[in-house]
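Written out below as structure tokens is the structure these notes cover.
Protein chains: 2
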Amino acid sequence: MKICIIGSGMMGSALAFPARENGNEVVLVGTPLDREIIFECKKTNQHLKFDRVFPQGIEYYQFEEWKQAVVGADFIICGVSSFGVDWFLENVLVEKECSVPVLSVTKGLVDLPDGTLISYPEYWERKLAERNVSREICAIGGPCTSYELVYHDQTEVAFCGKNKKTLEMMKKALATSYYHISLTNDVVGLESAVALKNGYALGIALTIGLCERENGVDCGLHYNSQAGAFYQATREMKKLLQMQGATENCECIGFGDLYVTVYGGRTRKIGILLGRGISYDDAVAMLNGVTLESLVVAKRVARAIKIRASRGEVQLKDFPLLMHVDGVICEGKDAQLPWESFTFEDIME
Amino acid sequence: MKICIIGSGMMGSALAFPARENGNEVVLVGTPLDREIIFECKKTNQHLKFDRVFPQGIEYYQFEEWKQAVVGADFIICGVSSFGVDWFLENVLVEKECSVPVLSVTKGLVDLPDGTLISYPEYWERKLAERNVSREICAIGGPCTSYELVYHDQTEVAFCGKNKKTLEMMKKALATSYYHISLTNDVVGLESAVALKNGYALGIALTIGLCERENGVDCGLHYNSQAGAFYQATREMKKLLQMQGATENCECIGFGDLYVTVYGGRTRKIGILLGRGISYDDAVAMLNGVTLESLVVAKRVARAIKIRASRGEVQLKDFPLLMHVDGVICEGKDAQLPWESFTFEDIME
Chain A
-4 MKICIIGSGM MGSALAFPAR ENGNEVVLVG TPLDREIIFE CKKTNQHLKF
46 DRVFPQGIEY YQFEEWKQAV VGADFIICGV SSFGVDWFLE NVLVEKECSV
96 PVLSVTKGLV DLPDGTLISY PEYWERKLAE RNVSREICAI GGPCTSYELV
146 YHDQTEVAFC GKNKKTLEMM KKALATSYYH ISLTNDVVGL ESAVALKNGY
196 ALGIALTIGL CERENGVDCG LHYNSQAGAF YQATREMKKL LQMQGATENC
246 ECIGFGDLYV TVYGGRTRKI GILLGRGISY DDAVAMLNGV TLESLVVAKR
296 VARAIKIRAS RGEVQLKDFP LLMHVDGVIC EGKDAQLPWE SFTFEDIME
Chain B
-4 MKICIIGSGM MGSALAFPAR ENGNEVVLVG TPLDREIIFE CKKTNQHLKF
46 DRVFPQGIEY YQFEEWKQAV VGADFIICGV SSFGVDWFLE NVLVEKECSV
96 PVLSVTKGLV DLPDGTLISY PEYWERKLAE RNVSREICAI GGPCTSYELV
146 YHDQTEVAFC GKNKKTLEMM KKALATSYYH ISLTNDVVGL ESAVALKNGY
196 ALGIALTIGL CERENGVDCG LHYNSQAGAF YQATREMKKL LQMQGATENC
246 ECIGFGDLYV TVYGGRTRKI GILLGRGISY DDAVAMLNGV TLESLVVAKR
296 VARAIKIRAS RGEVQLKDFP LLMHVDGVIC EGKDAQLPWE SFTFEDIME
């Protein structure tokens, strides 16, 4: 098979490893933001952010050449971040050259004015329908950090989409001895599970910083409080996912993704800084002003839940951790968690 | 109130902190195995395994004096390990001095010959009923390591029992600014959730050792594989807990407990050793021959599931991680996880 990856960020690029190691023809196309990465890949066969070289035989293209690169591809992998969703729509999805199925790694949800949360595949399909364009868009969810995939760490993910044959074709192309792929038709469930985990991972990471504030920065990790927040996160995720109609398998993918997100990357870092008592603006500045996708998702979900609560469809008291995280990142609230609000009383007289 | 703790292991002793800090009268009674601990407590007001002294005013007793120590107590906390369950039955529960309610910290399940898994409170109640003795037995479950409780780390737990008033009395006695207590009538659900997590925590810890085997002992932590095993653990725990009739709140307490168990204590240590490829016997020897409660529970649950599978009530293929852990600890199977068996296909034509 031939696979065309568009977007050479870390996750899109990491998928070139199983794709190429499986013997497929692989082309990696940068977006206009990826110029330097593609330039470097052409020169050294290595991504600037990975410490392993790519498998031999991958071809690299700048975005101007994408229509030439995509010729003959069996499917396209969309590797843009959530900030590139509209760019990908306008520059790739609407074009006639993008007629093969798309597999998206972009994680996130879009909240509509009525509090409905839709996945990016659905968002794109709605926008394309307005232009009478039809595309088959699948997506990847699950606990997978790109640099560990590159390292051939054992990884479990799921692909979601509407069409069995397409999903099976994509699985066949990418499944390796270390990349294990489940398949599901539950697009909104999978995409919700892996998007929702963001705000909750931040909430759990707050407890690490809070312990440091209490006991000093070198106090070591305190797992009781992390686990207490993890427990509450799973309670709230279950409720939200039931609202979204998610299957139990997708719920569990979300729990695995929550676990990995507490340990990897920038969501953890900003959570620890906020937990220490550093203000949101200062924390973002300390992380070089990077806007975090995970915080955008957390805000969108909180906004949607508040709208639904105002209509009496849900109760905000069922989501104390989400509301707390929203308060910390949007209103400068102190990070100390509302622990007692995480307790329940399931008892009868 | 007056609280009598019998069993001065780490968890029983740790509960003396919130109990006493709340202003209750607290007596801590050692079992015959705890002689040295009580001796040391009397001398220094500190437990041998804790780095903080007890709050002032706790009284310490050797087991011979327990009938004198318990006079006037509002409830008894049972602090014995699962290996002391029958000892506690014969030496405390059957005695007329043990007439007040009991709150047990002992974690585990007992498998009956037909594959039914019952909680320790139910086990004790059955044994006592044979002697026409009636006791009110409640239990604690949830993500709580003793040394972090001593450290006043924020902690979320649940108390289970049949009687609302008793549970509320126990919560009032022990709830502090750092010990947060949910209440539930779902005894078998809570006790199953916190027992089941043991085998699964071992399964997740195997991945840490496996990564070390692959990449060297100083390779750092690989979270993709931990998270992949965590995802599968939650899938199997959900199925088992649904079989046990557990509530969703207890399920989430179990997920929090799974999280904390991957990080704390001996289950993690033996999992890492087994993952590295060290044999079960050698790994146990390296941990000074300590028999691990968690492994006993894992074996019992696996045995029960096999019996139920032989009757066609469940399918073993739904529990590949549990069966794998059982194979590693009982049959010397290699630790490499059956990753592909963790995938699902929820797709229609």
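For the record, the sequence lines run as chains A and B.
Here this note's numbering is used: the first residue of the first sequence is -4, the next is one more, and so on.
Here this note's numbering is used: the first residue of the second sequence is -4, the next is one more, and so on.
For every residue, glycine included, the Cβ atom is placed at its ideal position computed from N, Cα and C.
None of these values were measured; they are calculated from a predicted model.
Taking C-beta to C-beta, are G270 (chain B) and A330 (chain B) nearer than 8 Å?
-> yes
Kindly say whether I342 (chain A), judged by its beta-carbon, lies nearer than 8 Å to any beta-carbon of chain D.
-> The chain labelled as chain D is not found among the protein chains of the depicted structure, namely A and B.
What residue range is occupied by the uninterrupted beta strand (DSSP E) comprising K(-3) (chain B)?
-> -3 to 1
Provide the residue(s) that pair with S99 (chain B) in DSSP beta bridges, ordered along the chain.
-> For S99 (chain B), which the question treats as bridged, DSSP gives the partners B:C73, B:A134.
Roughly how many angstroms lie between the CA atoms of G316 (chain B) and M232 (chain B), to the nearest whole one?
-> Residue 316 (chain B) is actually Leu in this sequence, not Gly. Taking the straight line joining both Cα atoms gives about 10 Å.
Residues of the region 298 to 332 of chain A with a CB closer than 8 Å to any CB of chain B: list them in chain order, please.
-> L332
When you compare only the Cα positions, how much space is there between R126 (chain A) and V97 (chain A)?
-> 18 Å
Expected contact under 8 Å - CB spacing of L311 (chain A) and H319 (chain A) to nearest Å | The pair is not a contact, with the Cβ atoms about 11 Å apart (cut-off 8 Å).
Could you list which residues in chain A have their beta carbon closer than 7 Å to that of E143 (chain B), in chain order?
-> At a beta-carbon threshold of 7 Å, the residues of chain A lying near E143 (chain B) are H217, Y218, N219, ordered along the chain.
Cβ neighbours of P138 (chain B) in the same chain (closer than 6 Å, five flanking residues each side left out) = G251, D252, V255
Return no unless some Cβ of chain A is closer than 8 Å to the Cβ of G223 (chain B).
-> yes
Can a CB atom of chain B be found closer than 8 Å to the CB of K358 (chain A)?
-> Missing from the structure shown is residue 358 (chain A); chain A here goes from -4 to 344 and no further.
What three-state label does DSSP hand V279 (chain B) in the structure shown?
-> helix
Spell out the partners DSSP gives H175 (chain B) in its beta bridges.
-> B:E151
Whole-number beta carbon distance between C245 (chain B) and A188 (chain B), since they are thought to touch under 8 Å = 5 Å
Between E326 (chain B) and D276 (chain B), what straight-line distance do the alpha-carbon atoms span, to the nearest angstrom?
-> Rounded to whole angstroms, E326 (chain B) to D276 (chain B) spans 11 Å at the Cα level.
Compare the C-beta of L169 (chain B) with all C-beta atoms of chain A and state if any pair is closer than 8 Å.
-> no
Under 8 Å by Cβ, that's how I've got A200 (chain A) and I267 (chain A) pegged, so tell me the actual separation to the nearest angstrom.
-> 6 Å
Comparing the C-beta of G211 (chain B) with each C-beta of chain A, is any distance below 8 Å?
-> no
Within chain A, partners of W61 (chain B) - CB distance below 8 Å = Per Cβ cutoff of 8 Å: no residues; W61 (chain B) is ~30 Å from chain A at best.
Tell me whether the beta-carbon of A64 (chain B) lies closer than 8 Å to the beta-carbon of Y56 (chain B).
-> yes
Go ahead and label L216 (chain A) buried or exposed: buried means 16 or more other beta carbons lie within 10 angstroms of its beta carbon, across all protein chains shown.
-> Only exposed fits L216 (chain A), as fewer than 16 other CB atoms lie within 10 angstroms of its CB.
Is S114 (chain A) helix, strand or coil by DSSP?
-> strand
In chain A, what lies closer than 9 Å to Y258 (chain B) by C-beta?
-> L216, Y218, Q221, A222
According to DSSP, is V105 (chain A) helix, strand or coil?
-> strand
Could you work out which residue in A:A170, A:G307, A:A299, A:C93 is closest to R130 (chain A) when comparing CA atoms only?
-> A:C93
For L162 (chain B), which residues in chain A fall below 7 Å Cβ to Cβ?
-> Result: I342.
Kindly list the residues whose CB is nearer than 8 Å to the CB of T202 (chain B), restricted to its own chain and excluding five residues on each side of it in sequence; keep chain order.
-> H217, S220, Q221, G223, A224, G270, L332
DSSP three-state call for V212 (chain B): helix, strand or coil?
-> coil
Taking all protein chains shown into account, do 16 or more other C-beta atoms lie within 10 angstroms of the C-beta of L290 (chain A), making it buried, or fewer, making it exposed?
-> Taking a 10 Å sphere around the C-beta of L290 (chain A), we find 16 or more other C-beta atoms and assign the residue as buried.
In whole angstroms, what separates the C-alpha of P50 (chain B) from that of F12 (chain B)?
-> 6 Å
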